[in-house]
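Written below as structure tokens is the structure these notes are about.
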Amino acid sequence: QEFNMIGYYVYIYILEAAAYGVPQIRKRLFIVASKRELENPFPLPTHGVLTNQQMSLFGENLKFCPTLWDAISDLPTLEAGEGKEESNYVKKPLNEYQKLLRNGNKILFNHKAMNHTQRMVERFATMTWGNSGKDVPKHLQPRQRNSKKISQKIYDQNNRRLHPDKPCHTIPASFYANFVHPYQHRNFTAREGARIQSFPDSFKFMGKPTVVSHKLLSREGRLAEKHLCQYNQIGNAVPPLLAKAIADNILKQL
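Mapping the sequence shown onto this note's numbering, position 135 (from 1) lands on 135, and the numbers just tick up by one.
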């Protein structure tokens with residue numbers, strides 16, 4: 001109402017990132033305010049997550065949304081703790097999505113796997129697609145902090161092994177602890193998360209890979225290092241392909 005009072009037309013809509021070529025199920029509320037009335041304030045979907053048969057039933061001329069594996073299958077295989085902030089590609093792009101995001105880039109940034117304990121690697125090794133921490137054998141389930149006792153609070157959304165042939169679940173700011181690679185026994189790297197969010201490979205994320213606690217930095221006199229970590233930057237972002245679709249649609253009407 002306040003926007004209307006100062007002469008703006010306001011449009012509100014929930015957009016699904018997968019409908020614009022992002023390999024991820026991610027619904028977010030968007031608000032567009034314009035001094036002139038827009039005929040189509042939000043872009044029409046360009047991609048679908050349906051099967052061929054389902055798409056033909058609806059008569060929609062949509063492209064297939066890339067899957068998780070479409071997004072990351074060309075990236076080097078890593079064990080826990082392996083990788084570097086700058087490294088080389090070992091494969092050529094395997095599909096159009098990978099070609100789009102690589103765009104001739106020569107250096108692979110931010111593809112460094114997190115360190116995991118041997119116990120955590122063993123836990124991940126027991127998990128099939130769709131499993132999370134609560135589905136592993138009792139002796140490998142997460143322990144209480146600073147204890148060898150099995151935790152009574154095991155969250156279903158933590159450390160879930162994702163299916164390669166489906167779009168990824170929503171990437172949150174804490175995705176370093178939410179998801180397990182579909183084939184490798186580790187969490188996602190920052191670059192894998194960036195691919196799922198549709199960031200181009202030329203975009204280099206700076207800062208620490210994961211969150212460093214305020215108490216630790218304060219105790220060690222390192223508060224100057226308190227910045228948004230790479231995983232937070234990626235998980236909090238609007239997927240670039242979705243942002244581009246919105247911007248291009250508005251630009252056509254100006």
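Glycine is no exception: its CB is placed at the ideal position from the N, C-alpha and C atoms. As the structure is a computational prediction, the values presented were derived from the model and not from experiment.
Rounded separation between residue i and residue j - CA only
i    : j    : result
P45  : H181 : 28 angstroms
P239 : R26  : 9 angstroms
L57  : S218 : A caution first: L57 carries a pLDDT of 49, below 50, which makes its placement in the model too unreliable to give a value.
A243 : I14  : 13 angstroms
L251 : P43  : 11 angstroms
Y136 : I31  : It should be pointed out that residue 136 corresponds to Val in this sequence rather than to Tyr. Computed Cα separation, rounded: 42 angstroms.
K215 : G221 : 10 angstroms
Q24  : F179 : 13 angstroms
T189 : P41  : 35 angstroms
I12  : M114 : 39 angstroms
E37  : K63  : 30 angstroms
A237 : M120 : 29 angstroms
V90  : V10  : 48 angstroms
T210 : G48  : 33 angstroms
Q253 : G7   : 18 angstroms
I171 : V22  : 11 angstroms
P76  : F203 : 18 angstroms
Selected residue, minimal CA-CA separation from residue i, among the options
i    : options                   : result
L241 : L101, N232, F109 and K252 : L101
M127 : N115, H116, L140 and T117 : L140
H311 : E220, A245, K208 and A237 : The first residue shown for the chain is 1 and the last is 254, placing residue 311 beyond what the model contains.
Q184 : F203, M206 and A80        : A80
S34  : N61, K91, A18 and M5      : M5
Q230 : V49, I246 and Y176        : Y176
A17  : D248, N232, N187 and H169 : H169
C65  : Q98, N249, I246 and Y20   : Y20
F124 : P76, N158 and E86         : N158
K166 : Y89, L68, N88 and V22     : L68
Q233 : M206, Y97 and A247        : M206
K106 : K92, E39, E122 and Y97    : K92
Short Cβ contact (8 angstroms threshold) for residue i with residue j
i    : j    : result
G133 : H163 : no
R191 : H111 : yes
S174 : G235 : yes
D201 : L94  : no
R28  : H116 : no
Start-to-end residues for the beta strand (DSSP E) that takes in residue i
i   : result
V90 : First-last for V90: undefined, no H or E at that position.
Limits of the alpha helix (DSSP H) - the one that residue i falls within
i    : result
F30  : First-last for F30: K27 to S34, but that is the beta strand (DSSP E), not the alpha helix (DSSP H).
L192 : Looking at the sequence shown, residue 192 is not Leu but Glu. A190 to Q197 is the span of the alpha helix (DSSP H), which, as asked, contains E192.
K244 : P240 to K252
N4   : E2 to M5
E79  : Here E79 belongs to no alpha helix (DSSP H), and DSSP marks it neither H nor E.
V121 : Q118 to A125
Legend entry - Contact the segment 70-81 vs the segment 193-208: 3+ CB pairs below 8 angstroms: yes
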